[in-house]
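Residue numbers (our numbering): 3 to 266. By construction, the Cβ of each residue, glycine as well, lies at the ideal position given by its N, Cα and C atoms.
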Amino acid sequence: MRERLSSRWWVVTDLDGTLLDHAYDWTPAETALRWLQQRGIPVIPCTSKTAEEVRQFRAAAQLKDPYIVENGGAIHGSSDTGEDWEEALGPGWTALKPQLSELAEELGEPLQALDELTDDQGERLLGLSGERLQQAQRRRWSVPFVPPSVQIQPRLEALASVRGLAVVRGNRMCHLLGADVSKGRALNVLRQRVGAPGVKVLALGDSPNDLPLLEVADLAVVVPGPAGPHPELSVNVASGRFQLARDIHGAGWAESVRRLLPED
Numbered sequence: 003m004r005e006r007l008s009s010r011w012w013v014v015t016d017l018d019g020t021l022l023d024h025a026y027d028w029t030p031a032e033t034a035l036r037w038l039q040q041r042g043i044p045v046i047p048c049t050s051k052t053a054e055e056v057r058q059f060r061a062a063a064q065l066k067d068p069y070i071v072e073n074g075g076a077i078h079g080s081s082d083t084g085e086d087w088e089e090a091l092g093p094g095w096t097a098l099k100p101q102l103s104e105l106a107e108e109l110g111e112p113l114q115a116l117d118e119l120t121d122d123q124g125e126r127l128l129g130l131s132g133e134r135l136q137q138a139q140r141r142r143w144s145v146p147f148v149p150p151s152v153q154i155q156p157r158l159e160a161l162a163s164v165r166g167l168a169v170v171r172g173n174r175m176c177h178l179l180g181a182d183v184s185k186g187r188a189l190n191v192l193r194q195r196v197g198a199p200g201v202k203v204l205a206l207g208d209s210p211n212d213l214p215l216l217e218v219a220d221l222a223v224v225v226p227g228p229a230g231p232h233p234e235l236s237v238n239v240a241s242g243r244f245q246l247a248r249d250i251h252g253a254g255w256a257e258s259v260r261r262l263l264p265e266d
């Protein structure tokens, strides 16, 4: 594994809304993915998706490098002998799920977990149904749920913090996690685990749950959607701390990695 990750640069990327559009299409990025592979630059998914979902994507995209799942809840990879490994970085689903119910009671507002969605609800909210929805529902390190009203979210975050938990928001779902769980921490753990603490990182994301990842990267890119960059990331784009991709979703992703990665 260390030999495969010996590149001076890693591309660490969110998937939904970044490399993939909201219909889960990544074909605009395929040529750039192949270009990175030819240069030996690892492409490391860092996503809210489950390991099951990411393995399916990696097979389709022909990726072989480690990956980060469930907003930093765990990192995955394979040993030099080809054996898969997983390192958990926070509490598991069975500990988190009852806490979501208790938070809903304290708020006085229902918080519907992802695993409770019907096929019709999954299709309407996420564009997922059947086996694809079930893959997203089989969580191990996080509890995604339908976002509450914007007015209630600050109180929800405060109540979660008292419990030693965190709530982060993606494009379509909120996620209940351990307080120390984040994409940025997971990236740093992965760097240490594979013996590459000084590797440079080009990170790409599109929503608030990507902020911890973007903050620890050497180059950080916000990939916009059709309506532009997420408002919570725009301040860092305006300040020049993060760069803005010049196109949306996979096309913007591809343009950014080709433009920003050094030639050597």
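query	result
Inter-residue Cα distance where the pair is VAL225 and THR20	6 Å
Beta carbon of ALA256 nearer than 8 Å to that of ALA25	no
Three-state class that DSSP yields for THR2 in the structure shown	No answer is possible for residue 2: it lies beyond the span of the chain, which begins at 3 and ends at 266.
Buried versus exposed call for ARG141 [16 or more other C-beta atoms within 10 Å across all chains shown]	buried
Integer-rounded CB distance, given that ASP121 should sit under 8 Å from GLY132	7 Å
Length-filtered (4 minimum) alpha helix (DSSP H) runs lying within the region 51-109	53-63 and 95-109
Test item: CB-CB of LEU30 and HIS251 under 8 Å	The sequence shown places Pro at residue 30, not Leu. Yes, the Cβ-Cβ distance between PRO30 and HIS251 is below 8 Å.
Residues that DSSP places opposite VAL223 in a beta bridge	LEU206 and GLN245
Run of the beta strand (DSSP E) containing LEU119, from where it starts to where it stops	LEU119 -> no beta strand (DSSP E), and no H or E assigned at all.
is_contact[LEU21, chain B] using C-beta, thresh 8 Å	The structure shown contains no chain B; it holds only a single protein chain.
Assigned exposure category for ARG4 - 16 Cβ within 10 Å defines buried	Residue placement at ARG4 is flagged as unreliable, the pLDDT there being 39, under the threshold of 50; the coordinate-derived value follows with that caveat. Exposed: under 16 other Cβ atoms inside 10 Å.
At least three beta-carbon pairs within less than 8 Å, the region 151-158 to the region 50-60	no
Contacting residues, own chain, Cβ-Cβ under 6 Å from ARG171 (five flanking each side not counted)	PRO210
Classification of GLU72 by the beta-carbon crowding that lies within 10 angstroms, buried from 16 upward	buried
The region 72-83 touching the region 177-196, judged by at least three CB pairs closer than 8 Å	yes
Three-way DSSP call (helix, strand, coil) for MET3 in this model	Bear in mind that a pLDDT of 39 at MET3, under 50, signals an unreliable position, so the number given afterwards is only what the model happens to contain. The answer is coil: DSSP assigns MET3 none of H, G, I, E or B.
Endpoints, the beta strand (DSSP E) within which ARG171 is located	167-171
DSSP three-state assignment for LEU263, whether helix, strand or coil	coil
Where the beta strand (DSSP E) containing PRO146 begins and where it ends	145-147
Alpha carbon of TYR69 to alpha carbon of ILE46, nearest angstrom	5 Å
Residue span of the alpha helix (DSSP H) that contains GLY180, given as start and end	Element bounds for GLY180: not the alpha helix (DSSP H) but the beta strand (DSSP E), 176-180.
Residue environment, PRO231, which counts as buried when at least 16 other CB atoms sit within 10 Å	buried
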